[in-house]
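If you read the protein sequences in the order shown, they are chains C and X. The opening residue of the first sequence carries number 62 in the working numbering; numbering runs sequentially from there. The opening residue of the second sequence carries number 2 in the working numbering; numbering runs sequentially from there. Before any comments, here is the structure.
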Amino acid sequence: MNPAMILAGIMLGALVIYSLLAGADYGAGFWDLMCSGPRREKQRQLIAQAIEPVWETNHVWLILVVVLMFAGFAPAFGAISIALGVPVFLILLGVVLRGSAYVFRTYFAGSIRTQLYWGKVFSISSSMTPLFLGIVIGAISSDTVVVRDGISENGFLRTWFHPFPVIVGVLSLSLFAYLSACYLTVETDDPALQDDFRSRALFSGFISLMAAFATYVVAGDNAREIRDGLSGAPYVLLVESCAAIAAFVAFQALWSRRYLRARIAAAAQVGLIIIGWGAAQYPYLARPGLTIFNSSAPSNVLIEIEIACAFGGAILFPSLFLLYRIFKAHRKAVLADTTPV
Amino acid sequence: MDNFLAARSQMGMSLAFHIVFAVIGVSLPLMMTIAEWRWRSTGDPTYLLLAKRWAKGTTILFAVGAISGTVLSFELGLLWPRFMQYAGAVIGMPFSLEGFAFFTEAIFLGIYLYGWNRVPGWFHLFSGIIVSLSGLLSAIFVTLVNGWMNTPTGFDILDGKFQNIHPFAAMLNPAGIPEAVHMVLASYTAAGFATAGIHSWLLLRRGRNRFDEVAIGIALCVGGAAVLIQGVSGDALARMVAVKQPMKLASLEGQFKTEVGAPLSIGGLPFPDERVTKYAIKIPHGLSLLAFHTPNALIKGLDQEPSKDWPNVRMVHICFQIMVGCGSLLSLFALIAAWLSWKRGPLSKQKLFLKAAVLVSPLGFVALEAGWMVTELGRQPWIVYHLMRTRDAVTTMPNITITFLVMTFVYLVLGIIVVWLLSKHVIAPAEKKQLDGPGVLV
């Protein structure tokens, strides 16, 4: 196996983990905006407790993807930064506002009005990042990123502001929201709260199915190649059918209130969708011109970075295991302990 | 504002903002771990309260630091895509390692902050140690990248591109290690003296109390020890600059002409058009002695290079004087503090000392920001020293002024709120009930 493929695989893996963990945190922020009904405060509290000890760690996966991208595929990173500067800046703005608003909201205890205000900033910016992240992914899949001598030939808006990327943005937002609602059903014992998030999960799951379908239709005009990729290679079809099965299991489990099963199936579904996208996108980093082969660093550099990743992973994964074990394993028994210090 | 200036301003503003939080993310965990260790070995609940307070400060500041750090990693591409395109492969290694160090810090900080009642005591303390260590490593890795921009190594240039790249050789470039040591010590100095100053001010305001006293003790030990070693580290760094970046040294010192046995200029104002530094106190042979440890060493002046390749000599010289001045004052202060506590007993009883501590408290941060101005402005007009000009690396995307203004506004608001939150949560007086039992959460 070629070192460029290995590094691209590590990046795709990090992107999957980012979506499954931080994506759900962002989705939780989206639900925070939509909290309603008699259990509004309880819903907010559940969301806050679920993401509090882990959101910063979850967020680092994105930094890892970016860092590995410029270490291993610098020309592609440069081209994407130029052509998609606007949505990337908006992702960043979302990251900044979401993170700080979350912290501020926690620490403005006592002043309900200020807390509500930060809550709004938190939830709106939580929706911004997944939307524009999806837009960037849509844009690099749709033949518009053309940078010659540092000049973006499609300008700075036309590269991403057309139906395909925007629908991919909506798809990623709805998937993250869906994922998050599925997770939240497991984070509480209160059947009423579980029901609240169950209906949200079903609703957002339905929206994401619609969005996925729309993506496929629109791809015919704007992103023919990725559509061919999605419906071409047999292994891509295999991944897609697994995703479909996972989606079916997740819906069935949500319907019959088997929340743990729904959570696992939903995570598998989203993970497989991203892996399927990665397989269809292969070997491109940004269509139409940049592949993992023509923009990769020399292979000795790639190999050394992969060795560093192996060492890093050897420390990282046991630590992560520990973190989730401490905070998520006996979640329900100890909820009372986690009220903010 | 032209695009290039806007990009430089945005990068500079983002760095200046991030550095404050990054520094606290490096040093506050050390102090909080020391406080917890004191609590575990003495059983004094004041230390526990202090550890929890500082941990709370770390949470707020680490979150802002993590966010502003993410911004920087994207901005490298958003603002300097051509730099990243050519140099990304060479400097990717320290960034990747930094990613993992940062991961470790975030994980163990999570365990530390929310795990007081969930993990055994020894493991909690251990988590604090890991947070301190990984924060330290993050700072080192990132500074190594800056070192590379100053003394690029680990590659050959063929056909205008970096080839035969050796990531580890690039990472361990000549400027990297001295810069990293200097940076780490600067973090401890800045945060140590700032914390000591804040608690001195509180002690003066609310009268004698154990909470502020132990805080001052720990913070002064950390800051004082660091600033005293900083002198040695600064000397090593300056000698490296003298050998590897003689023009940078010349602009730090406002040395326009090449001479043997060059004097050291203290203070003064460089006039680049007249090629002279006026109003300085000159110490004969001082610069040769400091830079090469021999009184008659040859010092290359700015006249060795065309003036279009000079940095902003006046700014660099002034910032350098500010940095050295603040560092020297703090060193003197640390020595006096040690002497006073040895001769006259507890420092917290000495009102005059506490007032002085309040006065010097911002100097560490002033020196830190000034020091980064020296490194960054002193490297100009190069983004990679003598290889790539900053101007050639800037993005072609228009209207950077807009993103610059948006980010400045956002950071300004964040900064104000963070200060307000810290004053409310970290340094508020200890109430009686908070000291009653070790299990009480703050």
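Cβ atoms here follow ideal geometry from the backbone N, Cα and C, with glycine treated the same way. Since the model is a prediction, treat every value here as computed from it, not as a measurement.
Residue state for residue 105 of chain C is assigned as helix, using DSSP reduced to three classes. For residue 195 of chain C, not one C-beta of chain X is nearer than 8 Å to its own C-beta.
Here residue 87 of chain X is buried, its C-beta having at least 16 other C-beta atoms within 10 Å. DSSP, read as helix, strand or coil, puts residue 363 of chain X in coil.
Within the model, the alpha-carbon separation for residue 261 of chain X versus residue 175 of chain X is close to 25 Å.
Not a single C-beta of chain X is nearer than 8 Å to the C-beta of residue 180 of chain C.
When rounded, the separation of the alpha-carbon atoms in residue 158 of chain C and residue 192 of chain C is 15 Å. The criterion of a C-beta distance shorter than 8 Å is not satisfied by residue 31 of chain X and residue 59 of chain X.
A buried status is given to residue 117 of chain X, since no fewer than 16 other beta-carbon atoms sit within 10 Å of its beta-carbon. Interface with chain X (8 Å Cβ-Cβ cutoff): residue 188 of chain C is excluded.
Under the 10 Å beta carbon count, residue 57 of chain X is surrounded by 16 or more other beta carbons and is classified as buried. Using a CB distance cut-off of 8 Å, residue 237 of chain C does not count as an interface residue toward chain X. Within the segment 80-160 of chain X, the complete alpha helix (DSSP H) segments of 4 residues or longer fall at 82-115, 122-151, listed in chain order.
For the segment 120-136 of chain C, the set of residues with a beta-carbon nearer than 9 Å to any beta-carbon of chain X comprises 120, 121, 122, 123, 124, 125, 127, 128, 129, 130, 131, 132, 133, 134, 135, 136, in chain order. DSSP places residue 164 of chain X outside any alpha helix (DSSP H); the residue lies instead in the beta strand (DSSP E), whose first and last residues are 162-164.
Residues 225, 226, 283, 284, 287, 348 of the same chain have their beta carbon placed closer than 7 Å to that of residue 203 of chain C, with the five preceding and five following residues left out of the count. Put simply, the backbone Cα of residue 264 of chain X is about 38 Å away from that of residue 342 of chain X. For residue 384 of chain X, the enclosing beta strand (DSSP E) begins and ends at 383-385.
Not a single CB atom of chain X sits nearer than 8 Å to the CB of residue 151 of chain C. Taking 9 Å as the Cβ-Cβ cut-off, the segment 82-93 of chain X approaches chain C at 82, 83, 84, 85, 86, 87, 88, 89, 90, 91, 92, 93, given in chain order.
Residue 295 of chain X counts as exposed, since fewer than 16 other beta carbons sit within 10 angstroms of its beta carbon. Here residue 247 of chain C is actually not in contact with residue 96 of chain X; their C-beta atoms are around 36 Å apart, not less than 8 Å. The closest CA to that of residue 144 of chain X, considering only X/23, X/269, X/419, X/344, is found on X/23. When CB distances to chain X are screened at a threshold of 8 Å, the residues of the segment 356-367 of chain C falling below it are 358, 359, 361, 362, 365, 366, in chain order.
Close to chain C, meaning a Cβ-Cβ distance shorter than 8 Å, are the following residues of the segment 388-403 of chain X: 396, 397, 398, 399. In terms of CA proximity to residue 346 of chain C, C/205 leads the group C/234, C/205, C/96. Bounds of the alpha helix (DSSP H) holding residue 249 of chain X are 247-254. With the criterion set as a beta carbon lying under 9 Å from some beta carbon of chain C, the members of the segment 52-68 of chain X are 53, 56, 57, 60, 61, 63, 64, 65, 67, 68, in sequence order. Residue 345 of chain C carries a strand assignment under DSSP once its states are collapsed to helix, strand and coil. For residue 284 of chain X, no alpha helix (DSSP H) run applies; the uninterrupted beta strand (DSSP E) run containing it begins and ends at 282-284, by DSSP.
Against chain X, the beta carbon of residue 350 of chain C has no neighbour under 9 Å; the closest one sits roughly 14 Å away. By the neighbour-count criterion, in which a residue is buried when 16 or more other Cβ atoms sit within 10 angstroms of its Cβ, residue 297 of chain X is exposed. Taking a cut-off of 8 Å for Cβ pairs, the segment 165-183 of chain X and the segment 148-157 of chain X touch, as three or more such pairs fall below it.
For residue 109 of chain C, the closest of C/80, C/166, C/132 by C-alpha to C-alpha distance is C/166. Of all residues in the segment 2-18 of chain X, none places a beta-carbon less than 9 Å from a beta-carbon of chain C. Contact check for residue 339 of chain X against residue 225 of chain X passes: the beta carbons are separated by less than 8 Å.
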